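Novice: Below: one structure in structure tokens.
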Amino acid sequence: MAYIVLFAVPMVTVAFTGTASVAAIYGYIFYIDFMNNMGHCNFRSPFDYFAYFPLLNLLMYTPTYHSVHHTKLQKNYSLFMPLYDYIYKTMETVKEDHRPAHEQ
1 MAYIVLFAVP
11 MVTVAFTGTA
21 SVAAIYGYIF
31 YIDFMNNMGH
41 CNFRSPFDYF
51 AYFPLLNLLM
61 YTPTYHSVHH
71 TKLQKNYSLF
81 MPLYDYIYKT
91 METVKEDHRP
101 AHEQ
């Protein structure tokens with residue numbers, strides 16, 4: 001129940017403020033679903049986009065980052081944006097290995 005409430009807050013907020021749009025709601029649902037699947041699928045992109053856009057490390061999580069959330073208590077609480085872990089000092093830094101699987 002808390003999971004549903006947490007993800008409904010942005011949609012309810014834009015509905016009450018009159019700034020909601022069909023595109024915004026569908027975009028939000030797509031983003032949440034995409035990030036949830038990405039974090040649980042253990043897929044690593046062959047393109048190292050974090051090397052070109054380092055701030056993405058604070059805006060989206062990776063399967064490696066998410067695995068720390070399951071293995072270390074009190075670390076990496078953030079569901080989709082590690083920025084919150086950074087702000088509240090619960091971030092466990094993870095060295096990502098972006099080499100293709102056959103080169104590791």
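The numbers in the UniProt record's numbering rise by one with no breaks, and the one at position 15 of the sequence shown is 15. The beta carbon of each residue, even a glycine, is placed where N, CA and C say it ideally should be. Just so you know, these numbers come straight off a predicted model, no measurement behind them.
1) Buried or exposed for tyrosine 61, please, with buried defined as at least 16 other CB atoms from any protein chain shown within 10 angstroms of its CB.
2) What are the complete beta strand (DSSP E) segments, minimum 3 residues, inside the stretch 54–90?
3) Where does aspartate 36 fall in DSSP's three states?
4) If distances are taken between C-alpha atoms only, which option among Ile25, Leu6, Val5 and Ile4 comes closest to valine 14?
5) Taking C-beta to C-beta, are tyrosine 49 and leucine 56 nearer than 8 Å?
6) Just reading off the alpha helix (DSSP H) that methionine 11 is part of, what are its end residues?
7) Among residues of its own chain, excluding the 5 on either side of leucine 83, which ones have a beta-carbon nearer than 6 Å to its beta-carbon?
8) Alpha carbon to alpha carbon, how far is tyrosine 3 from methionine 11?
9) On the DSSP letters alone, give me the boundaries of the alpha helix (DSSP H) that alanine 51 sits inside.
10) For isoleucine 32, collect the residues of the same chain with a Cβ closer than 8 Å to its Cβ; drop the 5 residues on either side in sequence, then sort them by chain order.
Specialist: Looking at the atomic coordinates:
1) Buried, since its Cβ has 16 or more Cβ neighbours within 10 Å.
2) The qualifying runs do not exist here; there are none.
3) Checking the displayed sequence, the identity of residue 36 turns out to be asparagine instead of aspartate. Three-state DSSP puts asparagine 36 in a helix.
4) Each of Ile25, Leu6, Val5 and Ile4 was checked against the Cα of valine 14, and the nearest Cα belongs to Ile25.
5) Yes, they are a contact pair.
6) Methionine 11: member of the alpha helix (DSSP H) spanning 2–17, first to last residue.
7) Cβ within range, chain order: Leu58.
8) Cα to Cα, the separation comes out at about 14 Å.
9) 49–52 is the extent of the alpha helix (DSSP H) around alanine 51.
10) Phe7 and Phe80.
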